[in-house]
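Residue numbers (my numbering), protein chains in the order written: chain B, 29 to 322; chain G, 29 to 322; chain A, 3 to 233; chain H, 3 to 233. Think of the CB as a built atom: it goes at the ideal place given N, C-alpha and C, for glycine as much as any other residue. Just so you know, these numbers come straight off a predicted model, no measurement behind them.
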Ligand SMILES: Nc1ncnc2c1ncn2[C@@H]1O[C@H](COP(=O)(O)OP(=O)(O)OP(=O)(O)O)[C@@H](O)[C@H]1O
Ligand SMILES: Nc1ncnc2c1ncn2[C@@H]1O[C@H](COP(=O)(O)OP(=O)(O)OP(=O)(O)O)[C@@H](O)[C@H]1O
Ligand SMILES: [Mg+2]
Ligand SMILES: [Mg+2]
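Right, here's the structure in full:
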């Protein structure tokens, strides 16, 4: 069997250049959509994950009568619980001050207080919100704790929200990947259909099906590859630009959670290569089929 | 000139049915992406608008020494300010109660209070947040007001957020509409390219360019129209299903702001028809051009 | 019978070069009067089809001028080219049939483009199809026809509008002698009714028997132009 | 000279019907031995090309069996069809050249598919192109060729692999008499070297001069099968 060089394939792509250009640009267009939407989704995910982490803490109120040593021992026990990432000790005075800062406008209310009603507190940072319930349960077994404060409802809601965002995002990504696949495949079908006469002639002069297929598969792969690279490149540029815009100018809140361009580009390049070259090759393989039966 | 019946056009679409099917499905695929993303964007917009409305109120603290009548007169004056939608009167006792409910966990703090530090309050609902500044200014001229509480920063941030969401949404929609246009145009280019021999023959036997163009434009329009209708139909089904899922089962928070299917479907149908049939017709017109020069 | 001599076709120092140094026509000077019947003969690659392409303004000459009924083709605006082509009926060497139209529709199309009434079309198309012996193939598509049948569809299409000029490039190349003669009889009849006929051909027997004007091309040059000539 | 008689082609009660009640071949029985030179003649639409298509397994017969070198075509798995076609060289009536390949590449392709060495290809292709008189057209694409030149490319391609069976459908339809005779000389030489040749043609002069076996088809039926026949 003849050896199909890249050179030969490029020659054929050039001779059918109108078709090649149209195919590549359809590949680029559909992967561009996928990539852009995916980077928005990844950022929304990252944003909602970030928000979640602001709430994934448990406050442990310490009994009034504990000695300094007992408090330290308690701290160590807490630290040993599975899923606890780190703990912070907050004295009752700090707590009151913080409240005054948080609710600035009502601070005059707090001035009227006769005593500091706050307890000393350990604030637990979690490895992940999913450990919260188990940690709360284990805390119950420890001595010296007055009360465990955990904003279960709020945190649950936020977990709901993030998983909702993630699910919608996943569904959208899958949907778009499906559409991109479909459009790329369709485009390849059209280009191969335009060459059906050529294919049938090859068959009539005695070429085997595989001998005919290989160059088409190679061409499809290269079309897909070029399309994937171009679209990733474009996304890289757009994303770098947006990233700079957001981080340097406004919406600093969001920018703090914005994924950097390398992270995004890597994910998208992988996906684009898989879809672009994969469908380029597979689409050619499948589309050529019906024209080989002559 | 011969009268091109729909019948003739359908005949031609049928004779080139492989091409027709591929074109229609590419139209459907790209409009589907546009439609789905648009409905997500429209809903995020609606959600953020909804959130905004929860904060677009101004609290007016009334001086301690006003009589009941004076309070009523003040209320009328406020009501007359441009941009005020409605006002609610909240007594100082209600205010304390509300605070106790809002900050349930600190309610024991409030039990320690010697007197009720809250004033009587008018809560103003705005027609739109944009009136907030002008209303605050006009309130300054009124008698009997102790203080005007308006969470300017927060509201501004939320306005920022919503406009940010709206802008990103708009850019995405335009981008996707552009891509859809591009892909549809590309597909039409490929189908017309496959018929270039046919077109040149028509030219060789003496048909004028317009005589050749019309049927192709008509075919393109019908392909686009069919594609637009199918994609809108699919979006209608997916959206109805999602709507039901969200409103009946979970995420009631979001569902409250979810646009109903009719609103969405109308917008998307309009856009799809414009892009689908428009590009179907225009794309044919433009693509056929270069094959007519023989 | 007295005939006024009117120019139908005039080639004025026409040269056609293709890229790669190929000279397809080399300084051609030809006058063809209205009502003539002219054979263009010559070896494969001599330039016969290029001559036909020039007439149709399918390709522009590299040098020289072509006139059809005193219209200078190089001055003809591209929007007027369809008018030029409608005046001629052309049988192409490669047939050029519309593959997505039936035999009937292919022939009818040429009538429709000049605005013929549907009634007229329905009357005339079956008539001409029966003249070329294809009545029972009207509903088939070109790729369902034999080579000779496709050629005859092409001939029918060229004749359908009673053109003043009929250009036929190798119209009997795929036909058996008997069918060829039938076609020649049709062409002769057309010619008698006033149609100018230019026919490129390789068919020695036909050229010899018809005793018409013969123009011979060799390597793009006219080497012979003979009234009542032979192949 | 003593020749062992071996079956090359055998048609056994072969009938081919197309939709619409068209009978292209009607109960054909033909034996062609190895080394024969056979003309298939008949009017346009008589079934000559259909006969060729059957040999290639391009279309299956409606009834009957076809054998090539004792291989029953209906038993031939579709994966083995390329092997069948490589054994034959075929000149198609509509040429069937690859439009995106040059003349050289079109001919070379047929060598490449059978796994010929590049060196072999580079030697043999120019040789055969010069035999059909196309050395100076090697780099052109089919649509840059004259009708006769395309036909000669098709002939060169059919001959390139020295096939044991050469099937030519109207191989001189677009050629002038001189070039036609050159092609016939080539075919004769091939035949002398042992290649079986089946040629569908309308060219009366050629058939009459060659004095080979002639099979005449009328409406899909064999009406004549004559050794050293005339048209
Ligand atoms: N587009 C083109 N590019 C390059 N060369 C061309 C092109 N078209 C035609 N030629 C060359 O011009 C020459 C004349 O071609 P033409 O088709 O006029 O020959 P012809 O007399 O009709 O021959 P035939 O009898 O074989 O049909 C040929 O040698 C051909 O190779
Ligand atoms: N796919 C098809 N569908 C219907 N009819 C067909 C088809 N292919 C061929 N025919 C018919 O079969 C008959 C025989 O065709 P064939 O091509 O064998 O003729 P031929 O002898 O080669 O004629 P020619 O000399 O004109 O090439 C013709 O009348 C043709 O119309
Ligand atoms: Mg020619
Ligand atoms: Mg035939």
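From the DSSP secondary-structure annotation, give me the bridge partner or partners of residue i.
| i | result |
| --- | --- |
| residue 164 (chain G) | According to DSSP, residue 164 (chain G) bridges with nothing at all. |
| residue 176 (chain G) | G:88 |
| residue 201 (chain H) | H:41 and H:170 |
| residue 14 (chain A) | A:67 |
| residue 151 (chain B) | B:87 and B:116 |
| residue 217 (chain A) | A:42 and A:227 |
| residue 9 (chain A) | A:35 |
By DSSP, does residue i sit in helix, in strand, or in coil?
| i | result |
| --- | --- |
| residue 227 (chain A) | strand |
| residue 228 (chain G) | helix |
| residue 88 (chain G) | strand |
| residue 89 (chain H) | helix |
| residue 120 (chain G) | helix |
| residue 222 (chain H) | coil |
| residue 217 (chain B) | helix |
| residue 310 (chain B) | helix |
| residue 101 (chain B) | helix |
| residue 144 (chain B) | coil |
| residue 19 (chain H) | strand |
| residue 104 (chain A) | coil |
| residue 260 (chain B) | helix |
Which term fits residue i, buried or exposed, when burial requires 16 or more other beta carbons within 10 angstroms of its beta carbon?
| i | result |
| --- | --- |
| residue 11 (chain A) | buried |
| residue 173 (chain H) | buried |
| residue 80 (chain H) | exposed |
| residue 95 (chain G) | exposed |
| residue 119 (chain A) | exposed |
| residue 178 (chain G) | buried |
| residue 225 (chain A) | exposed |
| residue 200 (chain A) | buried |
| residue 62 (chain A) | exposed |
| residue 86 (chain G) | buried |
| residue 269 (chain B) | exposed |
So that I know if they touch, is there some Cβ in chain B lying closer than 9 Å to that of residue i?
| i | result |
| --- | --- |
| residue 61 (chain G) | yes |
| residue 21 (chain H) | no |
| residue 305 (chain G) | no |
| residue 101 (chain H) | yes |
| residue 159 (chain H) | yes |
| residue 155 (chain H) | no |
| residue 228 (chain H) | no |
| residue 194 (chain H) | no |
Looking at chain A, is there any beta carbon in it that lies within less than 9 Å of the beta carbon of residue i?
| i | result |
| --- | --- |
| residue 210 (chain H) | no |
| residue 95 (chain H) | yes |
| residue 318 (chain G) | no |
| residue 52 (chain H) | yes |
| residue 229 (chain G) | yes |
Between residue i and chain H, is there a C-beta pair that is closer than 9 Å?
| i | result |
| --- | --- |
| residue 43 (chain A) | yes |
| residue 241 (chain B) | no |
| residue 8 (chain A) | no |
| residue 30 (chain B) | Residue placement at residue 30 (chain B) is flagged as unreliable, the pLDDT there being 49, under the threshold of 50; the coordinate-derived value follows with that caveat. Residue 30 (chain B) counts as touching chain H. |
| residue 234 (chain B) | yes |
| residue 106 (chain A) | no |
So is residue i in contact with chain G if we call contact Cβ pairs under 9 Å?
| i | result |
| --- | --- |
| residue 15 (chain B) | Beyond the ends of chain B as shown, which are 29 and 322, falls residue 15 (chain B); an answer cannot be given. |
In chain order, which continuous runs of the alpha helix (DSSP H) of length 4 or greater are located wholly inside the region 109 to 163 of chain H?
Taken in chain order, the complete alpha helix (DSSP H) segments of 4 residues or longer contained in the region 109 to 163 of chain H are 120 to 133 and 149 to 161.
Could you tell me which whole alpha helix (DSSP H) segments of length 4 or greater appear in the region 23 to 100 of chain H?
Within the region 23 to 100 of chain H, the complete alpha helix (DSSP H) runs of at least 4 residues are 50 to 57 and 83 to 89.
Scan the region 174 to 199 of chain A and note each continuous alpha helix (DSSP H) run of 4 residues or more that stays entirely inside, going in chain order.
Fully enclosed alpha helix (DSSP H) runs of 4 or longer: 179 to 194.
Length at least 4, wholly inside the region 29 to 64 of chain B: the alpha helix (DSSP H) runs in chain order:
Whole alpha helix (DSSP H) segments, 4+ residues: 34 to 43.
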